[in-house]
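Counting from 1, position 431 in the sequence shown corresponds to residue 1103 in this note's numbering; the numbering is continuous, with no gaps. We put the beta carbon where it would ideally sit given N, CA and C, even for glycine. Encoded as C-alpha cells, the structure appears first; notes follow it.
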Amino acid sequence: MLPAFGIGLARSSPSLYRPSIGPSPPSSARTSSTLPTRNAPRSAAPGATPTATPTASAAMPAFNDPSSQSNFPAVSVTHVDFDVDVDFSTKEIAGTVSLRVTVGDLAQDRLVLDTRGLNIEKCTVEGAEAAFSVQAEAHSVMGSALTVPLGREVPPGSSLVVAVTYRTSPSSSAVQWLRPEQTAGGGHPYLFTQCQAIHARALFPCQDTPAAKITYGARVTVPAPLTALMSAIPVGEGEAADGDKTAFTFAQAVPIPPYLLALAVGNVESRDIGPRSKVWSEPEMVEAGAFEFSETEAFLVAAEEVAGPYVWGRYDLLLLPPSFPYGGMENPCLTFVTPTLLAGDRSQAHVVAHEIAHSWSGNLVTNLTWEHFWLNEGFTVFIERKIMNKLYGKAVFDFNAIAGLMELQETVDRLGADHPHTVLMPVLEGGVDPDDVFSKVPYEKGFAFLVHLEHMTRGEGQGQGQGQG
C-alpha cells in the first residue's frame, strides 16, 4: 500500500477516510460478553468437551497476533469459497463462505473467526447445521469473535469444511459504496473494498491475521450492466443470472493473507497495456489510464531481475474513482490505484513500481503480524527504488531516497523523536488499531535500515551498490 500522502495528497491517516463502524447486529446466538483469549484454544462452553491447552513444550509454535481474536494456528483456514450477492439498494454483500480448515498440532473442538459488524445467519460443519456464538460485546477495534463448535474433538492434521451464511453491514469498514454522482461517469453506483489492515473481518468471517494465508475461489453476482473484479484471476466471462444480474467467477491459487482479498464493482472496461496487464477503469478515464501506465511491463521485467519470477499470472490495474483514499493498494492480480496519478506525463509511475514490488515483499512474503509492518513496506520501498534505478539510473534512486528521508524526518518531527510510533516495530497489545500507527516510518525508516545493511554487507567502498540493483 502506498499512502496518499506519498504522492502529495492529504497527509491524513487513512483511518480518517473509513466509514464509521456500526454496532454489531443483534443475534439470538450471541452468548458471551467476554473478550476471548487471542490465538489460543477457547475454554469449552458448558457441557462441551474441554479443549487441550498447549504448553511451552507443545509442538505448536508460539504465536500471538494482538490484532486478531481467532484461534489460528490451532485451527487454520486454508481455502475459502465465496458465493455472494452485491446489493446496492441495501448496501450489503450477502451469501455464504465455505472455509476449508485444518487442525494444527493439538486436537480442537471449535473454530474461532474474526468478524466485525457482520450479521451471521447460519453455520454448518461438513454440511450439518452447527450452533454458533458471536461475542455479545464487540471490541471497539477487533470486533466480535465468532465461535463455531466442530461437533467433536477433531484430531491433529484433520481437515473439514465450515460454511457461514452472513451479510455485511451497510457501514462496513471494509466496503465503500459510492453513489453515481461520486463516480467519473455519474450514471452507475460503484463499490470497492479496502481490507488492510484488519478490515477483512468486516467483509467476511476470517482469521484476520496476515499469518493466516488462504487460497480462494469466488462467485460474485452483481446488477447488470456492472462488472465485478477481484484480487484473483477471472474464470471465463460474466454469465447472466436471475433478476437482471450477472455472475462473475474468480480463482486465486497463490495463498494470500486476508487483507489482500479485494472486490470492486462498477461500470468499468479495460485496455491491454502489456502481455500480462490490462488497465480497468470507468470509460471516461480508461484511455488516460492506458497511457499513464504503459510502462507497467517494463517495471515487471525490472522487478523480476531484482526479485525473481512473477508468480501471480496477471498484473492488472484498476483506476478507481477519486474517493479512493490511497495512492495504490497492492491487491494481487489487480492493483488499485488513484486517478490522481493521471498527470499526463507518467511522472507518478513510481507508485506502480511500488505496488509491483509488493508482488514479492508483502504479497508473497508477508509480515507475521502488523507489529512487523515495516518488513512489508521497508522491503517494498527498497525493491521499488531498485526497479527505478534499473530503468532510470542511480541518480533517480538517490533522489527518491533523499526525498524519502525528508518525509521520514517530517514524520518524526511531527510525532516527536521519542514517540512510540517512530520505532520500526510498534507495540499493538491492548487493542491498538494498526491504522492508528500508520505513517511513513515503516516505509522510509525500514528502507534506510535496509540500505544501512547493504552498506554493511557490501562495504562502504561499494556503498554505491544501492544503485546496482
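1. Counting pairs of beta carbons, one from the segment 923-935 and one from the segment 988-1005, are three or more of them closer than 8 Å?
2. Report, in whole angstroms, the separation of the C-beta atoms of Gly1034 and Thr1052, which I expect to be a contact under 8 Å.
3. What residue ranges within the segment 777-865 form continuous beta strand (DSSP E) runs of no fewer than 3 residues, ordered along the chain?
4. Use the C-beta contact count for Lys1062: other C-beta atoms within 10 angstroms, 16 or more gives buried, fewer gives exposed.
5. Shortest alpha-carbon distance to Ala934 belongs to which of Pro955, Leu992, Glu793 and Glu969?
6. Going along the chain, which residues of its own chain have a beta-carbon closer than 7 Å to the beta-carbon of Phe1054, five neighbours each way excluded?
7. For Ala779, which option in His1093, Phe1069 and Gly823 has the closest C-alpha, if you only look at C-alpha atoms?
8. How would you write the range of the alpha helix (DSSP H) that Gln1081 sits in, first residue to last?
9. Between Glu793 and Tyr838, is the Cβ-Cβ spacing less than 7 Å?
10. State the Cα-Cα distance for the pair Tyr982 and Glu809, rounded to the nearest angstrom.
11. Starting from Ile886, trace the beta strand (DSSP E) in both directions and tell me its first and last residue.
12. My guess is that Gln741 and Val784 are in contact by the Cβ rule of under 8 Å, so how many angstroms apart are they, rounded?
13. Buried or exposed, going by whether 16 or more other CB atoms sit within 10 Å of the CB of Ile1074?
14. Let me confirm a value: Gly815 is counted as buried when at least 16 other C-beta atoms fall within 10 Å, else exposed. Which label applies?
15. Evaluate the contact criterion for the segment 796-806 versus the segment 745-756: three or more CB pairs, one atom per stretch, below 8 Å.
16. Going straight from the alpha carbon of Ser715 to that of Phe735, what length do you get?
17. Ala923 by DSSP, collapsed to three states: which one?
18. Put Thr774 into one of helix, strand or coil per three-state DSSP.
19. Are the CB atoms of Leu1096 and Trp1046 nearer to each other than 7 Å?
20. Could you tell me the alpha carbon to alpha carbon distance between Ile870 and His1044, rounded to whole angstroms?
21. Among Met1001, Phe864 and Arg948, which residue has its Cα nearest to the Cα of Met673?
22. Just checking my contact of Pro1106 with Ser739 at CB under 8 Å: how many whole Å lie between their CB atoms?
23. So the beta strand (DSSP E) Leu901 belongs to, where does it begin and stop?
24. With a CB to CB cut of under 6 Å and the five nearest residues on each side skipped, what residues in its chain are close to Leu1040?
25. Counting only C-beta atoms, is Gly1103 closer than 7 Å to chain D at any point?
26. Which of helix, strand or coil does DSSP assign to Glu967?
27. From which residue to which residue does the alpha helix (DSSP H) around Met1128 run?
28. Between Ala936, Glu954 and Val937, which has its C-alpha nearest Arg943's C-alpha?
29. To which residues of the same chain is Ser830 closer than 6 Å at the C-beta, ignoring the five residues directly before and after it?
30. Count the other CB atoms within 10 Å of the CB of Pro695; is the residue buried (16 or more) or exposed (fewer)?
31. Considering only their Cβ atoms, is the gap separating Val894 from Val758 smaller than 7 Å?
32. Give me the Cα-Cα distance between Ile1028 and Gly938, rounded to the nearest whole angstrom.
33. What are the start and end residues of the alpha helix (DSSP H) that includes Val1023?
34. Please name the residue, chosen from Phe876, Thr1038, Leu898 and Cys867, that lies closest to Tyr931 on a Cα-to-Cα basis.
35. Within 10 Å of its beta-carbon, does Thr762 have 16 or more other beta-carbons around it, so buried, or fewer, so exposed?
36. Is the Cβ-Cβ distance between Ala960 and Leu1014 less than 7 Å?
From the atom records:
1. yes
2. 6 Å
3. 780-787, 791-797, 816-826, 831-839, 847-850 and 862-865
4. buried
5. Leu992
6. Phe1119 and Leu1122
7. Gly823
8. Lys1066 to Leu1087
9. yes
10. 44 Å
11. Ile886 to Pro895
12. 7 Å
13. exposed
14. buried
15. no
16. Summary for Ser715: the model assigns pLDDT 35, below 50, so the residue's position carries little reliability, and this model does not support an answer.
17. strand
18. strand
19. yes
20. 14 Å
21. Met1001
22. 6 Å
23. Thr899 to Met902
24. Ala883
25. No chain D appears in the structure shown, which is made up of a single protein chain.
26. coil
27. Gly1118 to Arg1130
28. Glu954
29. Val775
30. Annotation note: pLDDT 34 at Pro695 (below 50); position unreliable, coordinate value reported separately. Pro695 should be labelled exposed.
31. yes
32. 24 Å
33. His1022 to Ala1029
34. Cys867
35. exposed
36. yes
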